[in-house]
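Please read the structure below before turning to the comments.
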Amino acid sequence: MNRWFWIPLAIFLLFVGLAGYQLTQPKNEFIESTMIGKPLPQFMLEAAAQDRPGLSSDYFKDGKPRLLNIWASWCIPCVAEAPHLESLRRQGAEITSVAIRDRPEDVARFLAAYGNPYSRIGADNLSEVQLGIGSSGVPETFVIDGQGIIRYQHIGDIRASDVPILMQKLREAGQ
Amino acid sequence: MKRLIAAIALLGALLAPMQVFAQDTMPPAPYAYQQLDDPALEAKAQDLMETLRCLKCQSQSIADSDAPMAGDMRHQVRSRILAGEEPEAIRAWLVERYGDYVSYKPEVSSTTWPLFAIPLVILLLVGLVLRRRMGKRA
């Protein structure tokens, strides 16, 4: 038996080890937007609720950084993040939003039940804005600076620990 | 065949009384399930849709998936094809937003070139080893 015998075995064990290691690693299912640092695409959405105006991309070009929350009344994690959006609003963040594939009566019911932290709510019935900014689900929250450039993406519901991070990103976008 | 699919769908509906993920109740986008009138354009759209990844159901193409978001993506593809856009331009538009991840079409890029190079290198090595051995015997 010569030393060459061990090489295929070693390669095989290397693969087994690699596969075993990868199997134990949690899978990251988040698809990050590659639009960070790029301007919002042009859009103009009708109002999704009666007491808030709709949303257009031009609204973001007046120098004030804002949050853009992508949500829907049928989205369960959106219920979980509602109180944290409210605390962001209380700390001075302006939260604009886009409701994905939603009916006005469902939006109204959701806002009545869980609060309305939004300054504007656009109705995106074809997920056009969502696809345009590289968002792959609800909820997601983007930081948009005063020139309409996308600065930061938060994927998933906002937890209490994410609130200071988002406030920080909002301040950075304002500098 | 249709009846079989319907039976399987019904069975699935009975076995899964609760959806794991909430979904909207909106009707699908106009071109989510409706083909383009021009068969040539529809074929173009279909070819593209089969190589675009559904972002909600990540192991399916948008042509395969019934997720509402996949329907909205099919609507984007078909309406852009109808407006005269080239399939590769639409793919580029999506890749700009989601990265290479959204496309199933293999591309040689700065990160993927080893996948194409390594098999060639291995074949070359095998060829060399074989030639040496055969040469010895002859």
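Residue numbers (the working numbering), protein chains in the order written: chain W, 1 to 175; chain D, 1001 to 1138. All C-beta atoms, glycine included, are put in the ideal place defined by N, C-alpha and C.
- Residue-level contact check: residue 72 of chain W touches chain D, since one or more beta carbons of chain D fall below 8 Å from its beta carbon.
- The beta carbon of residue 173 of chain W lies closer than 7 Å to those of 65, 143, 145 and 151 in the same chain, with the five residues before and after it left out.
- Look at residue 141 of chain W here: in three-state DSSP terms it is strand.
- When Cβ pairs closer than 8 Å are counted between the two stretches, the stretch 1101-1114 of chain D is seen to touch the stretch 1040-1056 of chain D, the count reaching three or more.
- Residue 2 of chain W sits exposed, since fewer than 16 C-beta atoms from the chains shown fall within 10 Å of its C-beta.
- The residue from W/21, W/158, W/41 and W/171 with its alpha-carbon nearest to that of residue 128 of chain W is W/41.
- A direct Cα-Cα distance of roughly 13 Å separates residue 1118 of chain D from residue 1111 of chain D.
- When the Cα atoms are used, residue 110 of chain W and residue 132 of chain W turn out to be separated by approximately 25 Å.
- Rounded to the nearest whole angstrom, the CA to CA distance from residue 50 of chain W to residue 125 of chain W is 16 Å.
- If you check each beta-carbon in the stretch 1059-1073 of chain D against every beta-carbon of chain W, the ones closer than 8 Å belong to 1068, 1069, 1072 and 1073.
- Between the stretch 85-99 of chain W and the stretch 25-36 of chain W, the count of Cβ pairs shorter than 8 Å is below three; the stretches do not touch.
- For a Cβ distance threshold of 8 Å, residue set 1024 and 1026 of chain D lies close to residue 102 of chain W, ordered along the chain.
- Ranked by Cα distance from residue 32 of chain W, the options D/1121, D/1091 and D/1100 are led by D/1100.
- Membership of residue 66 of chain W in the beta strand (DSSP E) is indicated by the continuous run 66-71.
- Put simply, the CB of residue 1056 of chain D is near chain W, with a gap under 8 Å to one of its CB atoms.
- A residue is called buried once 16 or more other Cβ atoms fall within 10 Å of its Cβ, and residue 1047 of chain D, having fewer, is exposed.
- Counted as a single uninterrupted DSSP element, the alpha helix (DSSP H) harbouring residue 1079 of chain D occupies residues 1068-1082.
- Nearest CB-CB separation between residue 1096 of chain D and chain W: below the 8 Å threshold.
- Within the model, the alpha-carbon separation for residue 1023 of chain D versus residue 1109 of chain D is close to 36 Å.
- Within chain D, the residues 1097 and 1098 have their CB atoms less than 7 Å from the CB of residue 134 of chain W, given in chain order.
- Burial check for residue 82 of chain W: the Cβ neighbour count within 10 Å reaches 16 or more, so the residue is buried.
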